[in-house]
Amino acid sequence: MSTLEVTSLNHTKLLDEYKKYFQQELTTSPGVYKSYIIKPTNLSRLKKLAELLTKNKIEFAFGGDKGGRGYDYDTQKEENFTIGRNDLIVNLQQSRAVLANVLLEPQTVVTDSNTYDITAWALPYVYGLKAYASKESIKGKYSSMQDAEIISNDLDKPLAWLFGWGTGEDAQVLSALQKEGIKVRQADQAFTVGGKDYNAGTLIVLRVENEKTVKTLRDKVVKIAKEVGKPVQAITSGFVDKGKDFGSSVYPILKQPKIAIVSGSEVSSLAFGEVWYYIEHDLGLSPIIINARDLNNLDINKVNTVILPDGSYTSFIDEGLKGWINRGGKLILMEDAIESVLDKKGFDIKKKEAVVKKDEKPEPSKLLFKDKDRDDYENSIPGAIYKINMDASHPFAYGLGKNYYSLKTDRKIYEPLTKGWNVGQLADKSLMAGVVGKKVREELKTGLLIGVQESGRGNIIYLANDPLFRNFWEGGKTLFGNIIFCSY
């Protein structure tokens, strides 16, 4: 009531200050940068970013006829850039300048390091998009981006239909095709056919392979493309200009995932919710929910993918689970779930230990009680963005390329696998943004964060970071979709 009373007594001044705040944003940039230029390195994720900006009433435009110079989010240096037709440009001469700057500035300013939440959230990193922050005032020319046609051609009997891969919508296309009983192949390598280039990860529906078992095949393929809003390309020849012909083994049929998610008192409820929501809402799949005690009684014919969200499962990892993996199961261990298999037979992952110099003895503590918060800071990482170097040839990297920006909320890191695929690793100077204590920085200079271990006919996937953080980390959704669907 006191708040309402004070507001009522000072309503004229309150309205004047409110008006002054927004007028000031129109004339004065809230930070060192005046414009943000975000490249369409992934058109689907750029559209999602545009939707988020629109919901928050942040003005933006596309394209232009000039270049400029600005801070490159990837190299962390001042670089020259050109502006393409679909580049998204946010000019801070607008009423929502402060909000836009907070969401887009490459280095978040945190006045108090003693924070309880994440300290970095720059949207170009979240969406995995190339971007520049410029001190120049740059404005876009177009109100909307230039879209590709949804259906690029309309042949009744092509050799195959091709879909791109690397976004959540592409995963929806694959899920919908598989639900219709359509066999879908995926290109392990890039190729060129009919003068058009296709990236590794491209989905391929061969007509002859499907038309005997799927009635009205063409109608279903075209309908799914329209419903999801993704372009599809029909081709007439399997002989490619570059790459392997379609009869090659580099185009494997993708298995339809039959997913189980572990829930219960051992599991973080937030982590479980993120995974469940993504699988059901974003991918349109229907996972089953199991308890940790059921892990050793899995039927490979009913469940071929098991996800262990952040949690503690040490007492439930036994021979039954290992046998299921060896028969072709895919086990996905997320965050602390990895800790549950350390030093267990059949799991090769090893924690990276801090380097201790030979004959080095710990010194007596000189820390004063009044400085305990500073000591806590040196050992803290409330949430910072790291650049993970990806094996760009691995299916996990489809739609991401050689770099993946991940949110790191703990100091856990692992040794590279001696047998297996070290898909995502930290290299020196991988920290992009956020508060990280001095001691933690030293520990996170190098090491493994994403790995795959083959076991019999199955795989064990190690994910040290949460790719689905609060369901807004769009680059992580691309990574997780690759893990769920792709063949490796």
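Numbering-wise (the working numbering), the sequence shown opens with residue 24 and increments by one.
Glycine is no exception: its CB is placed at the ideal position from the N, C-alpha and C atoms.
Owing to the predicted nature of the structure, the values given are computational and were not obtained by experimental measurement.
Specify the secondary structure class of Gly-406 as computed by DSSP and reduced to three states.
By 1-based counting over the sequence shown, the position of residue 406 is 383. Coil, per DSSP.
From Thr-337 to Gly-479, what does the alpha carbon distance come to, in whole angstroms?
Translated into positions along the sequence shown, residue 337 becomes position 314. Translated into positions along the sequence shown, residue 479 becomes position 456. Here the alpha carbon of Thr-337 sits roughly 22 Å from the alpha carbon of Gly-479.
If you reduce the DSSP assignment to three classes, tell me which class Asn-233 lands in.
As a first step, residue 233 is located in the sequence shown; it is residue number 210 there, counting from the start. Residue state, collapsed to three classes: helix.
Give me, in chain order, the residues of the same chain whose beta-carbon lies closer than 7 Å to that of Ile-404; leave out the 5 immediate sequence neighbours on both sides.
The residue you call residue 404 lines up with position 381 of the sequence shown. Around Ile-404: Lys-431, Thr-432, Asp-433, Arg-434, Val-459, Gly-460, Val-463.
If we count the other Cβ atoms within 10 Å of its Cβ and call it buried at 16 or more, is Arg-208 buried or exposed?
Here residue 208 is taken as the residue at index 185 of the sequence shown, counted from 1. Buried, since its Cβ has 16 or more Cβ neighbours within 10 Å.
Evaluate Ile-174 with the Cβ neighbour count: other Cβ atoms within 10 Å of its Cβ, from every protein chain shown; 16 or more gives buried, anything less gives exposed.
Numbered from 1 along the sequence shown, position 151 holds the residue referred to as residue 174. Confidence at Ile-174 is low in this model, with a pLDDT of 49, below 50, so the placement of that residue should be treated as unreliable; the coordinate-derived value is given next. By the neighbour-count criterion, in which a residue is buried when 16 or more other Cβ atoms sit within 10 angstroms of its Cβ, Ile-174 is exposed.
Just checking my contact of Ser-429 with Leu-472 at CB under 8 Å: how many whole Å lie between their CB atoms?
As a working note, residue 429 is residue 406 in the sequence shown. As a working note, residue 472 is residue 449 in the sequence shown. Indeed, because the Cβ distance is near 7 Å, the residues count as touching under 8 Å.
Run through the DSSP bridge pairs and tell me what Tyr-94 is partnered with.
The residue labelled residue 94 in the question sits at position 71 within the sequence shown. Answer is Glu-101, Ala-156.
Distance between Ile-258 and Tyr-150 (C-alpha atoms, nearest Å):
Reading the sequence shown from its first residue, position 127 is the one you call residue 150. Reading the sequence shown from its first residue, position 235 is the one you call residue 258. Computed Cα separation, rounded: 31 Å.
Verify whether the separation of the beta carbon atoms of Phe-419 and Leu-308 is less than 8 Å.
The residue you call residue 419 lines up with position 396 of the sequence shown. The residue you call residue 308 lines up with position 285 of the sequence shown. For the 8 Å CB-CB criterion, Phe-419 and Leu-308 do not form a contact.
Leaving out five residues on either side along the sequence, give the residues of the same chain with a beta carbon under 6 Å from the beta carbon of Ile-411.
What you label residue 411 is simply residue 388 of the sequence shown in a count that begins at 1. Residues of the same chain with a CB within less than 6 Å of the CB of Ile-411, apart from the 5 flanking positions on each side, are Tyr-427, Ser-429, Gly-447, Leu-472 in chain order.
Contact between the region 105-120 and the region 77-85 (3+ Cβ pairs under 8 Å):
Yes: the two stretches touch, three or more of their Cβ pairs being nearer than 8 Å.
Which of the three DSSP states, helix, strand or coil, is assigned to Glu-477?
Numbered from its first residue, the sequence shown carries residue 477 at position 454. It is a strand residue.
Alpha helix (DSSP H) containing Asn-505: first to last residue?
What you label residue 505 is simply residue 482 of the sequence shown in a count that begins at 1. Where Asn-505 is concerned, the enclosing alpha helix (DSSP H) stretches over 497-508.
Keeping to the same chain, check which residues put their C-beta closer than 8 Å to that of Glu-465; ignore five residues upstream and five downstream.
Within the sequence shown, the letter at position 442 stands for residue 465. Hits under 8 Å: Ala-377.
Specify the secondary structure class of Gln-201 as computed by DSSP and reduced to three states.
Indexing the sequence shown from 1 puts residue 201 at position 178. In the structure shown, the three-state DSSP call for Gln-201 is helix.
Could you tell me the distance, in whole angstroms, from the CA atom of Ile-484 to the CA atom of Ile-355?
By one-based count along the sequence shown, residue 484 stands at place 461. By one-based count along the sequence shown, residue 355 stands at place 332. Ile-484 and Ile-355 have their C-alpha atoms spaced approximately 5 Å apart.
Can you list, in chain order, the residues of its chain with a C-beta nearer than 6 Å to that of Asp-546? Leave out the 5 residues immediately preceding and following it.
The question about residue 546 has no answer, for the chain in this structure spans 24 to 511.
Is the beta carbon of Ser-52 closer than 8 Å to that of Leu-115?
Looking up residue 115 in the sequence shown gives position 92. Looking up residue 52 in the sequence shown gives position 29. Ser-52 sits close to Leu-115, with the two beta carbons spaced by under 8 Å.
How is Gln-209 classed by DSSP in three states: helix, strand or coil?
Reading the sequence shown from its first residue, position 186 is the one you call residue 209. Here Gln-209 sits in strand by DSSP.
Distance, Cα to Cα, Asp-414 vs Gly-343?
Translated into positions along the sequence shown, residue 414 becomes position 391. Translated into positions along the sequence shown, residue 343 becomes position 320. Their Cα atoms are separated by approximately 32 Å.
Report yes or no: do three or more beta-carbon pairs, one from the region 273-287 and one from the region 318-328, lie closer than 8 Å?
At 8 Å Cβ cutoff, the stretches touch.
Using the Cβ count rule (16 or more neighbours within 10 Å means buried), how would you classify Lys-367?
Taking the first residue of the sequence shown as position 1, residue 367 is located at position 344. Residue burial annotation: Lys-367 is exposed, with fewer than 16 other C-beta atoms found within 10 angstroms of its C-beta.
How is Ile-174 classed by DSSP in three states: helix, strand or coil?
Indexing the sequence shown from 1 puts residue 174 at position 151. Because the pLDDT at Ile-174 is just 49, under 50, the model does not fix this residue reliably, and the point stays unresolved.
Opening and closing residue of the alpha helix (DSSP H) in which Tyr-165 lies:
By 1-based counting over the sequence shown, the position of residue 165 is 142. In the DSSP annotation of this structure, Tyr-165 is not part of any alpha helix (DSSP H), being labelled neither H nor E.
Do Val-273 and Leu-331 have their beta-carbon atoms positioned less than 8 Å apart in this structure?
Reading the sequence shown from its first residue, position 308 is the one you call residue 331. Reading the sequence shown from its first residue, position 250 is the one you call residue 273. Leu-331 is not a Cβ neighbour of Val-273, given a cutoff of 8 Å.
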